[in-house]
Amino acid sequence: MSLKQVQLFVLIFPPILYAALALWIRPPWRIIGLSLIPGVVLGSLNMLGDMLAFHQGWWHYPFTTASHAPLTYYLATALFYGAGIMGLVGWWARKRFGWRGGGILLIAFPLWGLLRDFGGTVLYNQSQTMIVWGEGFMPVAADFLLWAGAGMAGFFTMIGLEKWSLTKLRPPD
54 MSLKQVQLFV
64 LIFPPILYAA
74 LALWIRPPWR
84 IIGLSLIPGV
94 VLGSLNMLGD
104 MLAFHQGWWH
114 YPFTTASHAP
124 LTYYLATALF
134 YGAGIMGLVG
144 WWARKRFGWR
154 GGGILLIAFP
164 LWGLLRDFGG
174 TVLYNQSQTM
184 IVWGEGFMPV
194 AADFLLWAGA
204 GMAGFFTMIG
214 LEKWSLTKLR
224 PPD
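Read the sequence shown against this note's numbering and you will find it ends at 226, with the numbers running on by one and no gaps.
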């Protein structure tokens, strides 16, 4: 898969997956709108984490000279992982299972991110890697912490927005 094909993929599939999550979960329109904000939070933190990793030598993207991936990658991360998973699925998990559901999501999310990053590097293409990893354990720990921190930021942003919207956006009695 070429870089242009990957960029096309990340522009097409995250909106479809986000819409599929919204159709499956069926949240109120207010929650759909609010979920976009945790997406921006998570996507921004992901980009900042990639920039830090580049400067620390933990990982970099070989197909760009910038300290981060193309912006389309962060838009995809913001929409699917931030708005979709931490926004919509996080809201649903807390509504359905209480804090236990939210806790499971907060544990599973960075594990999935780590698996996605390292597994995706191997699966992408043997001759052209998606991410070039630094030596040692630090890149693994940093990647895990990046997913954990960005996921928690998105998750708790959604909780705060939901509480805010119940008090500020409620119609007067």
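Heads up, the beta-carbon is just placed ideally off N, CA and C, and yes, glycines get one too.
### Query
Is it true that the CB of Q58 sits closer than 8 Å to the CB of P123?
For the purposes of this step, residue 123 is taken as the residue at position 70 of the sequence shown. For the purposes of this step, residue 58 is taken as the residue at position 5 of the sequence shown. No; because the gap between Cβ atoms is not below 8 Å, this pair is not in contact.
#### Entry: Three-state class that DSSP yields for W152 in the structure shown
By one-based count along the sequence shown, residue 152 stands at place 99. If DSSP states are grouped into helix, strand and coil, W152 belongs with the helices.
### Query
Near T210, what residues of its chain come up, given a Cβ to Cβ distance below 7 Å and the 5 sequence neighbours on each side ignored?
Residue mapping note: residue 210 aligns to position 157 of the sequence shown, counting from 1. Only I90, P91 and V94 meet the Cβ criterion.
### Message
For F197 and L167, I'd like the C-alpha separation in whole angstroms.
### Response
Along the sequence shown, one-based indexing puts residue 197 at 144. Along the sequence shown, one-based indexing puts residue 167 at 114. Computed Cα separation, rounded: 6 Å.
### Pick from G156, W112, G140 and F62 that is closest to A195, judged by C-alpha positions
In the sequence shown, the residue the question calls residue 195 occupies position 142. The shortest Cα separation from A195 among G156, W112, G140 and F62 belongs to W112.
### Message
Are the CB atoms of L158 and G173 within a distance shorter than 8 Å?
### Response
Translated into positions along the sequence shown, residue 173 becomes position 120. Translated into positions along the sequence shown, residue 158 becomes position 105. Taking 8 Å as the Cβ cut-off, G173 and L158 do not qualify as a contacting pair.
### Task
For A203, I'd like the list of residues in its chain whose CB is within less than 6 Å of its CB, leaving aside the five on either flank, ordered along the chain.
Indexing the sequence shown from 1 puts residue 203 at position 150. Excluding positions up to five away in sequence, the list reads L95, L98 and N99.
### Query
Based on the DSSP secondary-structure assignment, which residues constitute the bridge partners of W200?
Translated into the one-based positions of the sequence shown, residue 200 becomes position 147. Answer is none; W200 lacks a bridge partner.
### Task
Measure the C-alpha to C-alpha separation of L105 and G213 and round it to an integer number of angstroms.
The residue you call residue 105 lines up with position 52 of the sequence shown. The residue you call residue 213 lines up with position 160 of the sequence shown. One C-alpha to the other measures close to 27 Å.
### Where the alpha helix (DSSP H) through S248 begins and ends
Outside the shown range of the chain (54 to 226) lies residue 248, about which nothing can therefore be said.
### Query
For L199, which of I138, W217, R149 and D103 has the nearest alpha-carbon?
Against the sequence shown, residue 199 aligns to sequence position 146. Closest by alpha carbon: D103.
### Message
Please classify W77 as buried or exposed, where buried requires at least 16 other C-beta atoms within 10 Å of its C-beta.
### Response
Mapped onto the sequence shown, residue 77 falls at position 24. Exposed is the call here.
### Message
Short of 7 Å in beta carbon distance, which residues of its chain neighbour T125, apart from the five on each side in sequence? Order them along the chain.
### Response
For the purposes of this step, residue 125 is identified with residue 72 of the sequence shown, where counting begins at 1. Excluding sequence neighbours, T125 sits near Q60, V63 and L64.
### Selected residue, minimal CA-CA separation from A206, among P80, L132, M139 and W82
By one-based count along the sequence shown, residue 206 stands at place 153. Looking at the Cα atoms, M139 is the closest of the given residues.
### Task
Identify every residue that forms a DSSP beta bridge with V193.
By 1-based counting over the sequence shown, the position of residue 193 is 140. According to DSSP, which records beta bridges pairwise, V193 is partnered with nothing at all.
### Message
DSSP has W186 in a bridge; who is on the other side?
### Response
Numbered from its first residue, the sequence shown carries residue 186 at position 133. Beta-bridge pairing links W186 to W112.
### Contacting residues, own chain, Cβ-Cβ under 7 Å from F154 (five flanking each side not counted)
Here residue 154 is taken as the residue at index 101 of the sequence shown, counted from 1. Sequence check: residue 154 is Gly here, not Phe. Contacts found: A146 and R147.
### Task
Report all residues from its chain with a CB closer than 7 Å to the CB of G137; omit the five preceding and five following residues, and keep chain order.
Here residue 137 refers to the residue found at position 84 when the sequence shown is read from its first residue. For G137, where only same-chain residues beyond five positions count, the Cβ hits under 7 Å are L70, Y71 and L74.
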